[in-house]
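Student:
Numbering (this note's numbering), first residue to last: 25 to 297.
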């Protein structure tokens, strides 16, 4: 039976209840576009320092979230997301990188992984797929940003490999696929679909529909799930949100908003107990 992983909601964020209720020291969720100070077209809880919004407004929004989560901004780590598949092993000395200035973000990175406490891993989105990782035994956590480019480059499976390199068993991993654009809202061309075909082993289960000549509706969440299954995870280890960033007004959407919009933020971290 399917259960939505993002249940508990404040005005400004949803929590991954399945994890945070079992692990009270774990902070994990995704922001909405509501409850902040940014003005149009970034209204109002924009988390992106790289989209043209006033930096002071974004920092104010981040401070509001930090106070709500009990994780100060100086403990945050943010990446210069480049739609690639590079993964950064985050250490305590990385705390504060990208938290108040985009210029000192972790460079050329779309995946963060850590076993440290008192660090909040963060990533920004406006339709791309957030991937959350948790090793239930070791407590190692991770986040990835999976646009179509990062997805076909295998950012999800590469994250799994990074956990294994850090001592995790694949059997102890749990993954949540977060709110992102749905199949009905996401139309791509032959170039993208050709890349998708090359990544999947099961030709009978391609996650797209032909909309019209040269135009396809692509289920990017399903594509990420299939790639995670190919990497060796089981279906009961993967939990996918039904929320669509384009259908739901709670979220920023690059496609729906015409390319000029804010960013929601995924986050995960352990608070010291």
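Where is the CB? At the ideal position from N, CA and C, for every residue including glycine.
Note that the structure is a prediction, hence the values are computed from the model and not measured.
Under 8 angstroms, do residue 250 and residue 198 count as touching if we go by C-beta distance?
Tutor: Their beta carbons are not under 8 angstroms apart, which means residue 250 does not touch residue 198 by this criterion.
Student: Is residue 210 helix, strand or coil when you go by DSSP?
Tutor: Coil.
Student: Grab me the residues of residue 184's own chain with a C-beta within less than 6 angstroms of its C-beta, minus the 5 sequence neighbours each way, in chain order.
Tutor: The answer, listed in chain order, is 255.
Student: Considering only the alpha carbon of each residue, which of 63, 159, 214 and 177 lies closest to residue 133?
Tutor: Out of 63, 159, 214 and 177, 177 has the C-alpha closest to the C-alpha of residue 133.
Student: Closer than 7 angstroms by C-beta to residue 213: which residues in its own chain qualify, once you throw out the five before and the five after it? Chain order, please.
Tutor: Result list for residue 213: 238 and 239, in chain order.
Student: Give the range of the beta strand (DSSP E) segment to which residue 74 is assigned.
Tutor: Looking at the DSSP string, residue 74 is not in any beta strand (DSSP E), and its letter there is neither H nor E.
Student: Would you call the stretch 109-120 in contact with the stretch 72-90, where contact means no fewer than 3 C-beta pairs closer than 8 angstroms?
Tutor: Flag = no, the stretch 109-120 and the stretch 72-90 do not touch.
Student: Would you list, in sequence order, the uninterrupted alpha helix (DSSP H) runs of no fewer than 4 residues that lie entirely inside the stretch 227-296?
Tutor: Listed in chain order, they are 244-254.
Student: If you draw a straight line from the C-alpha of residue 84 to the C-alpha of residue 290, how long is it?
Tutor: Straight-line Cα distance between these residues: approximately 17 angstroms.
Student: With a cut-off of 8 angstroms on the beta carbons, I'd call residue 205 and residue 279 a contact; round off their distance for me.
Tutor: Indeed they touch by this definition, with Cβ atoms about 7 angstroms apart.
Student: From 46, 27, 110 and 53, pick the residue whose C-alpha is nearest to that of residue 1; which is it?
Tutor: Limits of the chain in this structure are 25 at one end and 297 at the other, which puts residue 1 out of reach.
Student: Within its chain, find whatever has a CB closer than 6 angstroms to the CB of residue 147; leave out the 5 residues flanking it on each side and keep chain order.
Tutor: Hits under 6 angstroms: 167, 169 and 290.
Student: Less than 8 angstroms between the C-beta atoms of residue 241 and residue 210, yes or no?
Tutor: Their beta carbons are under 8 angstroms apart, which means residue 241 touches residue 210 by this criterion.
Student: What do you get for residue 287, buried or exposed, if any count of 16 or more other CB atoms within 10 angstroms of its CB means buried?
Tutor: Burial call: buried.
Student: DSSP three-state label for residue 187, please.
Tutor: In the structure shown, residue 187 sits in a helix (DSSP, three-state: H, G or I).
Student: For residue 284, count neighbouring C-beta atoms within 10 Å of its own C-beta (all shown protein chains included) and say buried if the count is 16 or more, exposed if not.
Tutor: Its Cβ having fewer than 16 others within 10 Å, residue 284 is exposed.
Student: Counting beta carbon pairs with one atom in the stretch 28-40 and one in the stretch 88-101, are three or more of them shorter than 8 angstroms?
Tutor: Segments in contact, yes.
Student: What span of residues does the beta strand (DSSP E) with residue 33 cover, start to end?
Tutor: Its beta strand (DSSP E) spans residues 30-33.
Student: Quick check: residue 139 and residue 174, are their CB atoms within less than 8 angstroms of each other?
Tutor: Cβ distance not < 8 angstroms, so residue 139 and residue 174 don't count as in contact.
Student: Quick one: residues in its chain with C-beta nearer than 6 angstroms to the C-beta of residue 25, no 5 flanking neighbours on either side, listed in chain order?
Tutor: In this prediction, residue 25 scores a pLDDT of 45, lower than 50, which makes its location untrustworthy; no coordinate-derived value is stated.
Student: Contact check, residue 112 vs residue 130 under 8 angstroms by CB: the rounded distance?
Tutor: Going by Cβ atoms, the distance from residue 112 to residue 130 rounds to 5 angstroms, so yes, they are a contact pair.
Student: Between which two residues does the beta strand (DSSP E) containing residue 146 stretch?
Tutor: Residues 144-149.
Student: Quick one: using the 10 Å Cβ neighbour count with 16 as the cut-off for buried, is residue 27 buried or exposed?
Tutor: Residue 27 is exposed by the Cβ-count criterion.
Student: Below 8 angstroms CB to CB, which residues in the same chain sit around residue 188 once its five sequence neighbours on both sides are set aside?
Tutor: Contacts found: 194.
Student: Roughly how many angstroms lie between the CA atoms of residue 40 and residue 257, to the nearest whole one?
Tutor: Their Cα atoms are separated by approximately 20 angstroms.
Student: What is the DSSP secondary structure of residue 25, counted as helix, strand or coil?
Tutor: With a pLDDT of 45 at residue 25, under the threshold of 50, the modelled position of that residue is not reliable, and no figure is offered here.
Student: So what does DSSP say about residue 103, is it helix, strand or coil?
Tutor: Here residue 103 sits in strand by DSSP.
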